[in-house]
Amino acid sequence: MNKDQVFKKKEDLIPDFNFKKEVAEVFDDMLNRSVPFYQETQRMIGEITADFAVEETNIYDLGCSTGTTFIALDKLVPDNINFIGIDYSRDMLDKAQDKMKKHNISKKYKFICMDLNTELPIANASVVIMNLTLQFIRPLWRKRVVESIARGMNERGCLILIEKVLSIDSTLNRMFIKYYYNFKRRQGYDEMEIAQKREALENVLIPYRPEENRTLLLESGFKECDTFFKWYNFCGMLAIK
Ligand SMILES: C[S@@+](CC[C@H](N)C(=O)[O-])C[C@H]1O[C@@H](n2cnc3c(N)ncnc32)[C@H](O)[C@@H]1O
317 MNKDQVFKKK EDLIPDFNFK KEVAEVFDDM LNRSVPFYQE TQRMIGEITA DFAVEETNIY
377 DLGCSTGTTF IALDKLVPDN INFIGIDYSR DMLDKAQDKM KKHNISKKYK FICMDLNTEL
437 PIANASVVIM NLTLQFIRPL WRKRVVESIA RGMNERGCLI LIEKVLSIDS TLNRMFIKYY
497 YNFKRRQGYD EMEIAQKREA LENVLIPYRP EENRTLLLES GFKECDTFFK WYNFCGMLAI
557 K
């Protein structure tokens with residue numbers, strides 16, 4: 317796995333964070349070292365998906381990046397299921413294609429390079445996964461995105477949504493962010509890397525509060541919703557149509 321050193325060098329002007337080649341090359345390491353319990357949440361996504369996956373339906377991963385989730389799901393769901401990954405980064409999808417081939421994925425799969433801010437081609441879905449992706453969709457478009465997921469989903473299908481979140485209370489919020497940066501230090505990131513990435517993500521990653529995400533899900537066509545994972549400012553929610 318290539319080591320993430322994207323923010324190691326001091327820059328005078330930090331450009332907005334993007335998901336192009338330089339990031340795609342090191343993205344698996346970046347996720348493993350920047351997302352608390354990344355491996356465990358992948359395992360949880362697998363466990364939940366195995367219970368909701370229905371034969372002859374589609375499983376979508378929106379913002380699928382390098383395809384890690386499909387690789388984890390391959391052995392957990394019925395054979396006649398299709399995997400459909402959507403991402404607007406061609407560099408991420410090239411990596412995903414390589415990884416799927418390397419892992420000899422047994423399911424039918426396809427990757428679609430498109431912006432999730434446009435009309436989504438979702439149909440016959442039993443499971444839709446958005447792991448750390450909705451936070452990058454402009455708030456203006458979020459309801460439309462979640463509504464179109466619900467529309468394309470079969471009855472009793474589920475959306476697995478993991479997001480970075482804000483706390484209602486500003487003191488708790490500051491504490492949670494401090495604990496998160498402590499986590500990044502423990503993963504080997506230095507102060508410069510942490511500060512430069514924080515600046516790059518400002519205005520690009522826009523977190524909601526868990527209550528706001530819950531309302532968004534329930535007002536967009538999902539009947540039930542509960543939290544299945546929470547670690548300071550990270551939150552996983554499961555919504556059922
Ligand atoms: C944090 S990564 C997701 C990680 C991945 N789901 C996983 O579990 O490993 C966010 C992904 O969403 C994609 N993305 C962000 N905004 C997008 C948009 N508007 N349309 C399509 N993809 C988008 C990025 O290219 C990136 O690959």
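If you're matching positions, the sequence shown starts at 317 in the working numbering and goes up one per residue. The beta-carbon is built from N, C-alpha and C at its ideal position, and this holds for glycine as well.
- Counting along the chain, the unbroken beta strand (DSSP E) around Ile375 starts and ends at 374 to 378.
- Non-local beta-carbon contacts of Lys337 in its own chain, meaning distances under 6 Å to residues more than five positions away in sequence, involve Asp407 in chain order.
- Secondary-structure assignment with DSSP links Trp457 through no beta bridge to anything.
- Each residue's CA atom was taken as its position, placing Ile493 and Met317 some 27 Å apart.
- Here the region 453 to 464 makes no contact with the region 383 to 400; the two share fewer than three CB pairs at distances below 8 Å.
- Assignment of Tyr524 by DSSP, reduced to helix, strand and coil, places it in the strand class.
- For Ala555, the enclosing beta strand (DSSP E) has its first and last residue at 550 to 556.
- According to DSSP, Met469 shares a beta bridge with Ala441.
- Nearest Cα to Leu534 within the set Ala516, Ala555, Lys324: Ala555.
- Boundaries of the alpha helix (DSSP H) around Glu356: 354 to 368.
- Of the heavy atoms belonging to ligand 1, none sits nearer than 7 Å to the Cβ of Met553.
- Between the region 411 to 418 and the region 429 to 445 there are fewer than three C-beta pairs closer than 8 Å, too few to call the two in contact.
- Taking a cut-off of 8 Å for Cβ pairs, the region 341 to 351 and the region 363 to 376 do not touch, as fewer than three such pairs fall below it.
- For Thr449, there is no enclosing beta strand (DSSP E), as DSSP marks it with neither H nor E.
- Here DSSP, grouped into helix, strand and coil, assigns Thr543 to strand.
- Taking C-beta atoms as the reference points, Arg472 and Lys557 count as a pair closer than 8 Å.
- Taking a 10 Å sphere around the C-beta of Asp320, we find 16 or more other C-beta atoms and assign the residue as buried.
- In the three-state scheme derived from DSSP, where H, G and I count as helix and E and B as strand, Leu329 is classed as coil.
- When distances are taken from the beta-carbon of Leu488 to the heavy atoms of ligand 1, even the shortest one reaches 7 Å or more.
- Counting along the chain, Ile510 sits inside the alpha helix (DSSP H) bounded by residues 507 to 517.
- Ranked by Cα distance from Met360, the options Ile400, Gly401, Arg454, Thr385 are led by Thr385.
- Non-local beta-carbon contacts of Thr382 in its own chain, meaning distances under 8 Å to residues more than five positions away in sequence, involve Ala340, Phe343, Asp344, Met408, Lys411, Ala412, Lys415 in chain order.
- Fewer than three beta-carbon pairs drawn from the region 532 to 547 and the region 503 to 521 are found closer than 8 Å, and the two stretches are therefore not classed as touching.
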